[in-house]
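Here's the structure, in structure tokens; my notes come after.
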Amino acid sequence: MRQQTMNELVSINPATLEEIGRIPITTEEELDQAVRNADSALAQGKTDRAYRQELLQSCALELTRKNAEIGPLLVMEQGKTTTEAGGEMWISAKNFTHAAQID
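The structure is reproduced here in structure tokens:
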């Protein structure tokens, strides 16, 4: 959705005072359109069980494969130790695997 406003909030990392990003402040009309888009996406998001399982398993695999890439981001962004970050990635991958088994 294209933003019509120029107002935005600046997100700052409190640990480094580095700008992380900018968040647009929307108008009421833009918010209503976003809700309509989400409602439409929800209806389109109904997937069959096998496809949903495949997607969730692939997410688990990607989390496992990208552990070395994402782990340092968790350390930097959330102040976790390297061990904690690796454990969190493992738990997240397991959660996706578990979700893939739910009907």
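Residue numbers (our numbering): 73 to 175.
We put the beta carbon where it would ideally sit given N, CA and C, even for glycine.
### Task
Just the C-alpha distance for residue 77 and residue 98, rounded to the nearest angstrom, thanks.
The predicted position of residue 77 is uncertain, since its pLDDT is 45 and thus under 50; a value taken from the coordinates is nonetheless stated next. Residue 77 and residue 98: Cα-Cα distance of roughly 6 Å.
### Query
Bridge partners of residue 135, per DSSP?
Bridge partners of residue 135: none, in fact.
#### Entry: Complete alpha helix (DSSP H) runs within the segment 79-156 (minimum length 4 residues, chain order)
100-116, 121-137 and 139-150
### Query
Would you say the segment 155-165 touches the segment 128-137, given that touching needs at least three Cβ pairs under 8 Å?
yes
### Message
Considering only the alpha carbon of each residue, which of 156, 102 and 124 lies closest to residue 139?
### Response
156
### Query
In whole angstroms, what is the alpha-carbon distance linking residue 124 and residue 172?
7 Å
### Task
Ignore the nearest five residues each way along the sequence and tell me which others in residue 75's own chain have a CB closer than 6 Å to its CB.
Only weak support is given to the placement of residue 75: the predicted model assigns it a pLDDT of 44, under 50, and the question is left unresolved by the model.
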